[in-house]
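Q: Protein chains in written order, with the UniProt record's numbering: chain A, 1 to 331; chain B, 1 to 177.
Ideal Cβ positions, reconstructed from N, Cα and C, are used throughout, including at glycine.
In this text, all values refer to a predicted model and were calculated from it rather than measured experimentally.
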Amino acid sequence: SMATFEAEVGRRQAENDQLPRALANIDEQIVCDQLTDELPDNFLEQFNQLLDRPLEQVLHLLPAHQVAQMRLVSRRFNHLIRKCSKTMPKKEHNGSISFKSYDIGEVSAELLDDRGRGITKTTLTGNKGALSELLRFIRIGGKMYFSHGLSAVDEVLDQLCKAWLTIRPEVVIFSGDLSQTSRKSLKAFLVNVEPSIRRLHFQEAYNIPHNLLSDDLIGAAGWLDGLIVLPMGRGSNLPNFNITDKSLLTMADADLGSSYFCVMGCSGITPGCIRAFIQKWMKKEKPKAGANSTGYRYGDKWDRCTLAFYKCANVTPAAVEESCGDLFKKK
Amino acid sequence: MIQLCSNDDPPVSFTVPRKAVELSKTIKTMLEDLEGFDMEQTPIPLPNVDAPTLELIVKWVEQHQDDPPPVEKPRVEDDDSDDSDADDDQEPEVVIPEWDKKFLPTDDEQKNQLFKLLNAANYLEIKPLLDIGCKYVADKISGQTVEWVRDYLNMENDYTPEEEAKLKEEIAWAEGL
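(1) Is it buried or exposed, Ala109/A, if we count other Cβ atoms within 10 angstroms and call 16 or more buried?
(2) Give me the residue from Pro70/B, Leu117/B and Ser142/B with the minimum Cα distance to Gln49/A.
(3) Is any beta-carbon of chain A found at less than 8 Å from that of Leu54/B?
(4) Using a Cβ cut-off of 8 Å, pull out every chain D residue sitting near Ala221/A, in sequence order please.
(5) Once the 5 residues before and after Glu147/B are set aside, which same chain residues still bring their CB inside 6 Å of it?
(6) Does the separation of the CB atoms of Val94/B and Asp66/B fall below 8 Å?
(7) In terms of residue numbering, what span does the alpha helix (DSSP H) encompassing Lys184/A cover?
(8) Ile274/A and Val320/A: beta carbons closer than 8 Å?
(9) From Pro47/B, Met155/B and Gly36/B, pick the residue whose C-alpha is nearest to that of Asp9/B; which is it?
(10) Quick one, are the C-beta atoms of Val16/B and Leu4/B less than 8 Å apart?
(11) For Ser134/A versus Thr125/A, is the C-beta distance shorter than 8 Å?
(12) Please say whether Cys305/A and Ser247/A have beta carbons closer to each other than 8 Å?
(13) At a Cβ cut of 8 Å, what residues of the stretch 8 to 31 of chain B count as close to chain A, listed as they run along the chain?
(14) Count the other C-beta atoms from every protein chain shown that fall within 10 angstroms of the C-beta of Thr166/A, then say buried if there are 16 or more, exposed otherwise.
(15) Please classify Gln57/A as buried or exposed, where buried requires at least 16 other C-beta atoms within 10 Å of its C-beta.
(16) May I have the straight-line CA-CA distance separating Thr294/A from Ser96/A, to the nearest angstrom?
(17) Run through chain A and tell me which residues come within less than 7 Å of Asp66/B, C-beta to C-beta.
(18) Name the residue from Gln203/A, Ala252/A and Leu51/A whose alpha carbon lies nearest to the alpha carbon of Ala121/B.
(19) Does DSSP put Pro317/A in a helix, in a strand, or in coil?
(20) If I measure Cβ to Cβ from His65/A and keep anything under 8 Å in the same chain, skipping five residues before and after, which residues do I get?
(21) Please identify, using Cβ separations under 7 Å, the residues of the stretch 145 to 160 of chain A that lie next to chain B, in order along the chain.
(22) Using a Cβ-Cβ cutoff of less than 7 Å, which residues in the same chain neighbour Ser6/B once the five nearest sequence positions on both sides are dropped?
(23) Whose C-alpha, out of Phe137/A, Asn192/A and Ile173/A, is nearest the C-alpha of Val172/B?
(24) Give me the residue from Ser196/A, Asp154/A, Phe174/A and Ile173/A with the minimum Cα distance to Thr181/A.
(25) In three-state terms, what does DSSP make of Tyr206/A?
(26) Would you say Lys280/A and Ala252/A are within 8 Å of each other, going by their C-beta atoms?
(27) So which residues of chain A does Ala155/B contact, with C-beta pairs closer than 8 Å?
(28) Provide the residue span of the beta strand (DSSP E) that contains Met155/B, from first to last.
(29) Quickly, what does DSSP pair Tyr260/A with across the bridge? List them, please.
(30) Return no unless some Cβ of chain A is closer than 8 Å to the Cβ of Asp85/B.
(31) Does the distance from the C-beta atom of Val71/B to that of Ala20/B stay below 8 Å?
(32) Applying the criterion that 16 or more other CB atoms from any shown protein chain within 10 Å of the CB defines a buried residue, is residue 333/A buried or exposed?
(33) Name the DSSP bridge partner or partners of Ala109/A?
(34) Between Ser151/A and Lys111/B, what straight-line distance do the alpha-carbon atoms span, to the nearest angstrom?
(35) Would you kindly check if the distance between the Cβ of Pro128/B and the Cβ of Leu114/B is under 8 Å?
(36) Can a CB atom of chain A be found closer than 8 Å to the CB of Leu104/B?
Written as structure tokens, this is what we have:
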């Protein structure tokens, strides 16, 4: 009937009238959602300033030497640059960085160029600032030394593990007092530098706790092509390090033809494993010296492998001769 | 065609081809979420964009609607807890095309309009526009002094003299690199 038809038209009309209002509400919610999620409370007063994300993008495009300077612009700049420091452009330092410490709670950091000449040096004490702040806008490559005194205590290593730092050394050398270095902090540090580290030295280090060095700790540094464990004080109190055949064989799988494995006080190394290492190494394809370099790397020839064992109970000249003599004669 | 409304009172409305307006990821997502509704009859309010800025946005998206889509890369959320290896992941260098060089409001008296445009591009998620605008601003402030940057970006020095001195000392350490 006409009445039913008119009622149906009225109902449809009412529905149609409601739709745009409902839709506008949905639009408003969606758009406003972005407002509350991404924009600061005083957004409307800040039209003449760039918001954080565009500003962050601008900062990423600046030259590295200017980014740290820009922290002086305002607190907001400083906060933003620090917040994004992991990905901000950083100054490259591919020489060396050396840490020294003569007193607990004090550490000096010195940057040296690739010829070993000092560039800049500072001493940090407990209240003067943190190491991780000092290195926030520098990309550390090259060599890293922990020398003189308690330079590798947990507090220093923990600072160097802060997520916003870019620590990418190729060589790490510990040559100080390791009496206050724990396995946990040392392992975390090695995991942190694992993508870049190729050579790890505990050279002339002293007061090494007997349980500090082991296969799993060395393994945390990943594929190494150079390992030195030659502590200072090689007398009767030399600890027996739990570095075994496992670490030696892992090194045989490293990418580079050149390598060295020089250890002291590791009774877990056996002549049989030395033989296996040599066999593996001899089969490896050696990079051609001088092909695109001088043929040297860190002072070693590309194609050289050095194995040295001091005071390792199972590695005597006679035992090595018996196990590996035929290989050397062949060579 | 899609209608976009500015935040002015009364709002100013712009009619834009759907293809062009979809260069805004924010609007594209909204349109996809509202699939089935007749969006051509429903103006989309943009509460964060005024009419002069929206006019620029419309001009830019109409000019670039036939451009190939930008390569999408997940945004690295960068804070102190992030331990991703982002330092090895370089963004390709941004080059500002000739048309865009003329389009960007780059006169000094227009700088606030430029900032509004970049804020709007950020809000509407128009990445290529944000990229070229940020590149322009970065080139502009590159090599300039802290004071100059403050003035250009409408910022005030809100440090105390002590804070500023301490920060300068921290920064100075790596100056020689």
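A: In short, the structure shows the following:
(1) Position 109 of the first sequence, counted from the first residue, corresponds to residue 109/A. Buried is the call here.
(2) Here residue 49/A refers to the residue found at position 49 when the first sequence is read from its first residue. Of the candidates Pro70/B, Leu117/B and Ser142/B, the one whose C-alpha sits nearest the C-alpha of Gln49/A is Leu117/B.
(3) The residue given as residue 54/B occupies position 54 in the second sequence. Taking Cβ atoms only, chain A never reaches closer than 8 Å to Leu54/B, which makes this a no.
(4) Note that chain D does not occur in the displayed structure, where the protein chains are A and B.
(5) Mapped onto the second sequence, residue 147/B falls at position 147. Nothing meets the Cβ criterion.
(6) Numbered from its first residue, the second sequence carries residue 94/B at position 94. Numbered from its first residue, the second sequence carries residue 66/B at position 66. No.
(7) Residue mapping note: residue 184/A aligns to position 184 of the first sequence, counting from 1. Note, Lys184/A: alpha helix (DSSP H), Arg183 to Val193.
(8) On the first sequence, residue 274/A is found 274 positions in, with the first residue counted as 1. On the first sequence, residue 320/A is found 320 positions in, with the first residue counted as 1. Yes; because the gap between Cβ atoms is below 8 Å, this pair is in contact.
(9) Here residue 9/B is taken as the residue at index 9 of the second sequence, counted from 1. Cα-wise, what sits closest to Asp9/B is Pro47/B.
(10) Sequence index remark: in the second sequence, residue 16/B carries index 16 (1-based). Sequence index remark: in the second sequence, residue 4/B carries index 4 (1-based). Result yes, Cβ atoms of Val16/B and Leu4/B sit closer than 8 Å.
(11) Here residue 134/A refers to the residue found at position 134 of the first sequence. Here residue 125/A refers to the residue found at position 125 of the first sequence. Strictly speaking, residue 134/A in this sequence is Leu, with Ser absent from that position. No, the Cβ-Cβ distance between Leu134/A and Thr125/A is not below 8 Å.
(12) As a position in the first sequence, residue 247/A is number 247, starting the count at 1. As a position in the first sequence, residue 305/A is number 305, starting the count at 1. With contacts defined by Cβ atoms closer than 8 Å, Ser247/A and Cys305/A do not form a contacting pair.
(13) Per Cβ criterion, the list reads Thr26 and Met30.
(14) For the purposes of this step, residue 166/A is taken as residue 166 along the first sequence, with counting starting at 1. Under this definition Thr166/A is a buried residue.
(15) Locating residue 57/A in the first sequence gives position 57, counting from the first residue. Gln57/A comes out buried.
(16) As a position in the first sequence, residue 294/A is number 294, starting the count at 1. As a position in the first sequence, residue 96/A is number 96, starting the count at 1. For Thr294/A, the predicted model reports a pLDDT of 41, less than 50, meaning its position is unreliable; a value from the coordinates is still stated below. Answer to the nearest angstrom: the Cα atoms are 21 Å apart.
(17) Translated into positions along the second sequence, residue 66/B becomes position 66. Correct list: empty, because the minimum Cβ distance to chain A is about 25 Å.
(18) For the purposes of this step, residue 121/B is taken as the residue at position 121 of the second sequence. Closest option to Ala121/B, Cα to Cα, is Leu51/A.
(19) Along the first sequence, one-based indexing puts residue 317/A at 317. The answer is helix: DSSP assigns Pro317/A an H, G or I state.
(20) Mapped onto the first sequence, residue 65/A falls at position 65. So the qualifying residues of the chain are Lys91.
(21) Those residues of the stretch 145 to 160 of chain A that come within reach of chain B (Cβ to Cβ, closer than 7 Å) do not exist; the list is empty.
(22) Here the question's residue 6/B lines up with position 6 in the second sequence. Cβ within range, chain order: Val12, Leu46, Val49, Asp50, Ala51 and Leu54.
(23) Along the second sequence, read from residue 1 onward, the residue named residue 172/B stands at position 172. In the sequence as displayed, the identity of residue 172/B is Ala instead of Val. Taking only the C-alpha atoms, the option nearest Ala172/B is Phe137/A.
(24) Here residue 181/A refers to the residue found at position 181 of the first sequence. Distances from the alpha-carbon of Thr181/A to those of Ser196/A, Asp154/A, Phe174/A and Ile173/A put Asp154/A closest.
(25) In the first sequence, counting from the first residue as 1, residue 206/A sits at position 206. Tyr206/A sits in a strand when the DSSP states are folded into three classes.
(26) Here residue 280/A refers to the residue found at position 280 when the first sequence is read from its first residue. Here residue 252/A refers to the residue found at position 252 when the first sequence is read from its first residue. Their beta carbons are under 8 Å apart, which means Lys280/A touches Ala252/A by this criterion.
(27) As a working note, residue 155/B is residue 155 in the second sequence. Just to set this straight, residue 155/B is Met in the shown sequence, not Ala. Those are Gln49, Val73, Ser74, Arg76 and Phe77, listed as they occur along chain A.
(28) Your numbering for residue 155/B matches position 155 in the second sequence. No residue range can be given for Met155/B, since it is assigned to no beta strand (DSSP E) and is classified by DSSP as neither H nor E.
(29) Here residue 260/A is taken as the residue at index 260 of the first sequence, counted from 1. For Tyr260/A, the pairing in a beta bridge is given by DSSP as Gly226/A and Thr306/A.
(30) If you number the second sequence from 1, residue 85/B lands on position 85. No answer about Asp85/B holds up, because its pLDDT of 48 lies below 50 and its placement is not dependable.
(31) Position 71 of the second sequence, counted from the first residue, corresponds to residue 71/B. Position 20 of the second sequence, counted from the first residue, corresponds to residue 20/B. Not a contact, by the Cβ cut-off of 8 Å.
(32) Here chain A comprises residues numbered 1 to 331, so residue 333/A is not present and cannot be evaluated.
(33) For the purposes of this step, residue 109/A is taken as residue 109 along the first sequence, with counting starting at 1. In the DSSP output, where bridge partners are listed per residue, Ala109/A has Phe99/A and Thr122/A.
(34) As a working note, residue 151/A is residue 151 in the first sequence. As a working note, residue 111/B is residue 111 in the second sequence. Approximately 50 Å between the Cα atoms of the pair.
(35) Here residue 114/B is taken as the residue at index 114 of the second sequence, counted from 1. Here residue 128/B is taken as the residue at index 128 of the second sequence, counted from 1. No; because the gap between Cβ atoms is not below 8 Å, this pair is not in contact.
(36) Your numbering for residue 104/B matches position 104 in the second sequence. Leu104/B does not count as touching chain A.
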